[in-house]
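*Asks:* Take a look at the following structure, please.
Number of protein chains: 2
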Amino acid sequence: MKKTVLIFGVLAFAVVGLLQLSRYAVITGNLQTEWLLVFVAILFLGLGVFLQRRSLHQEKIVASEVNQDKIVELGLSKREYEVLLEMARGYSNKEIADHLFVSESTIKTHVSHVLEKLNAKRRTQAVQNAKELQILPF
Amino acid sequence: MKKTVLIFGVLAFAVVGLLQLSRYAVITGNLQTEWLLVFVAILFLGLGVFLQRRSLHQEKIVASEVNQDKIVELGLSKREYEVLLEMARGYSNKEIADHLFVSESTIKTHVSHVLEKLNAKRRTQAVQNAKELQILPF
DNA sequence: AATCGACTCATACTAAAGTACCAAATCTAT
DNA sequence: ATAGATTTGGTACTTTAGTATGAGTCGATT
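So the protein sequences, as listed, match chains X and W. Reading the first sequence from the start, the letters are residues 1 to 138 in this note's numbering. Reading the second sequence from the start, the letters are residues 139 to 276 in this note's numbering.
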C-alpha cells in the first residue's frame, strides 16, 4: 500500500514536471509539438505496460503461494508437511526416508497420517487434494 | 501472428490520425497543448495496460492448456493419455478400470507404458513429470 | 514431576502397484 | 488386403504402499 502511494506520488510529480518542460520547450521553439506528443505517448505506453506487469506479477505470486492457515487447519505437523512435499515430487517412501535421514518405517507412519488428514486413500489422491487446497508451492 | 500485425497496423494509423488531429486542434486554438499532452498520456497509459493484460492473459491460457505436440512427441497413445489423466486425479488402477470399462490388467499395462514413456518409476513421479511437461489440463 | 504432542522405529500384515511375457482382437494407413 | 500400431486381457511374480499396533525419546506445557 505504501509503495503504491509512493509510486503514484512520483508519477504525479513527473507528469507535472513533464508539462512544465513541454511548455518551455515549445515556447523556446526547440521542440515540435508532434514530437513531444510521440515522446509522451511512448513514455506512457511503456509505463502502462510496466504497471500492468507489476500488478499481474504480484497476482501470480499470491496464486502460487501456499495457504499456511489451511495446513494448520488440517492439523498437519511440520514433519508431515515435509513428507507431503516429497510425496508430491513423486518420491518413494524409501527415497523420502533417505532425503530426511530417517527410516522407511517413520515415513510410512507420516504418510498414513497425511492420508488421514487429507482424507485420501492413496498418496496420489493426497497430492491432488493438497493441490486443490493450495498447500503446495507448485 | 496475423492478429499482432493487424493490431499494430491499426495502432500506427491511430497515432498518425491523432497527430493530424492535434495539429489541427492546436492551430485552431481549440485546445491547449498541455491538455492535449494529458489526453495522449492517459490514452497511451490505458493502451499499455490493455496490451500487457492481453498478452499476459494469452500467456495464462497457454500455460493452462495442454501441449498436444508434447504428447505426440512422447509417443503417448490416446488411451494411455486417458489413463494418465485418471492417474493424475489420484484414482487407483481398479477405479480407473471401472471408469474406462476395462479390466484392471489392461490398466496395469497402460500404466506401465505411461511410466516408460514419461521416464518415471512410480505413478506419482509420472504425474509430476507430466505436469512439468504441461500435458495435464490442471 | 507428570502430561501431552510430535517424532522416531519396528514387526507383521494386507493391499496395491508394477514387471515380464504372451496373445488375441481391432484399427489404420499404405 | 496386409503390416504395424493400438487396445485389450491374462498369469505369475516382485516390489511398494499402506494399516495396525506398540513403544521409546524428546521438548514444551501445566
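Beta carbons are placed, not taken as given, at the ideal position from N, Cα and C, and that holds for glycine. Small disclaimer: the values here were computed from a predicted structure and weren't measured.
Using CA atoms only, rank isn't needed, just tell me which of W:Ile245, W:Arg227 and W:Ser230 is closest to W:Glu218.
*Replies:* Within the second sequence, numbered from 1, the residue matching residue 218 of chain W stands at position 80. The candidate whose alpha carbon is nearest that of W:Glu218 is W:Ile245.
*Asks:* Suppose you measure from the CA of X:Glu132 to the CA of W:Ala179; what does that come to, to the nearest Å?
*Replies:* For the purposes of this step, residue 132 of chain X is taken as the residue at position 132 of the first sequence. For the purposes of this step, residue 179 of chain W is taken as the residue at position 41 of the second sequence. Each residue's Cα considered, the two are about 43 Å apart.
*Asks:* Between the segment 247-263 of chain W and chain X, which residues of the former have a C-beta closer than 9 Å to a C-beta of the latter?
*Replies:* Residues Ala258, Lys259, Arg260, Arg261, Thr262 and Gln263.
*Asks:* Check the Cβ-Cβ distances between W:Gly228 and every residue of chain X, and say whether any is below 7 Å.
*Replies:* Position 90 of the second sequence holds residue 228 of chain W. W:Gly228 counts as touching chain X.
*Asks:* Give the secondary structure of W:Val240 by DSSP, where H, G and I count as helix, E and B as strand, and everything else as coil.
*Replies:* Here the question's residue 240 of chain W lines up with position 102 in the second sequence. Correct three-state label for W:Val240: coil.
*Asks:* Looking only at C-alpha atoms, which of X:Val114, X:Glu73, X:Leu47 and X:Asn129 sits nearest to X:Asn93?
*Replies:* Taking the first residue of the first sequence as position 1, residue 93 of chain X is located at position 93. Nearest C-alpha to X:Asn93: X:Val114.
*Asks:* Go through its chain and collect everything with a Cβ distance to X:Ile71's Cβ below 7 Å, but skip five positions before and after it.
*Replies:* Here residue 71 of chain X corresponds to residue number 71 of the first sequence, with the count starting at 1. If we look at X:Ile71 and ignore the five residues flanking it on each side, its Cβ neighbours are Tyr81 and Ile135.
*Asks:* What residues from chain W crowd round X:Gln68, counting only those whose CB sits closer than 8 Å?
*Replies:* For this step, residue 68 of chain X is matched to residue 68 along the first sequence. Near X:Gln68 there are no residues of chain W at all, since even the closest Cβ is about 22 Å away, more than 8 Å.
*Asks:* Please state whether DSSP places X:Ala97 in a helix, a strand or coil.
*Replies:* Here residue 97 of chain X is taken as the residue at index 97 of the first sequence, counted from 1. Residue state, collapsed to three classes: helix.
*Asks:* Note the first and the last residue of the continuous alpha helix (DSSP H) segment covering X:Ala120.
*Replies:* As a working note, residue 120 of chain X is residue 120 in the first sequence. Here X:Ala120 belongs to no alpha helix (DSSP H), and DSSP marks it neither H nor E.
*Asks:* Got a sec, what are the start and stop residues for the alpha helix (DSSP H) X:Tyr81 sits in?
*Replies:* Within the first sequence, residue 81 of chain X is the residue found at index 81, counting from 1. Counting along the chain, the alpha helix (DSSP H) containing X:Tyr81 begins and ends at Lys78 to Ala88.
*Asks:* Quick check: the Cα distance between X:Asp69 and X:Leu43, rounded to an integer number of angstroms?
*Replies:* The residue given as residue 69 of chain X occupies position 69 in the first sequence. The residue given as residue 43 of chain X occupies position 43 in the first sequence. In a straight line, the C-alpha of X:Asp69 is about 43 Å away from that of X:Leu43.
*Asks:* Considering just the uninterrupted stretch of the alpha helix (DSSP H) at W:Gln206, what are its terminal residues?
*Replies:* Counting from 1 along the second sequence, the entry for residue 206 of chain W is found at position 68. Counting along the chain, the alpha helix (DSSP H) containing W:Gln206 begins and ends at Gln206 to Leu212.
*Asks:* Starting from the C-beta of X:Lys117, find all residues in its chain whose C-beta is less than 8 Å away, skip the five residues before and the five after it, and write them out in chain order.
*Replies:* Within the first sequence, the letter at position 117 stands for residue 117 of chain X. Taken in chain order, the residues that qualify are Leu74, Gly75, Leu76 and Glu80.
*Asks:* Since X:Gln128 meets chain W, which of its residues come closer than 8 Å, beta carbon to beta carbon?
*Replies:* Within the first sequence, the letter at position 128 stands for residue 128 of chain X. Residues of chain W passing the Cβ test: Ala226, Arg227 and Gly228.
*Asks:* Tell me the rounded alpha-carbon separation between W:Arg260 and W:Leu223.
*Replies:* Here residue 260 of chain W refers to the residue found at position 122 of the second sequence. Here residue 223 of chain W refers to the residue found at position 85 of the second sequence. Approximately 15 Å between the Cα atoms of the pair.
*Asks:* Straight-line CA distance for X:Met145 to W:Phe177?
*Replies:* With chain X represented from 1 up to 138, any question about residue 145 of chain X goes unanswered, as that position is not in the structure.
*Asks:* Which of the three DSSP states, helix, strand or coil, is assigned to W:Leu185?
*Replies:* To locate residue 185 of chain W, count along the second sequence from 1; it is residue 47. Three-state DSSP puts W:Leu185 in a helix.
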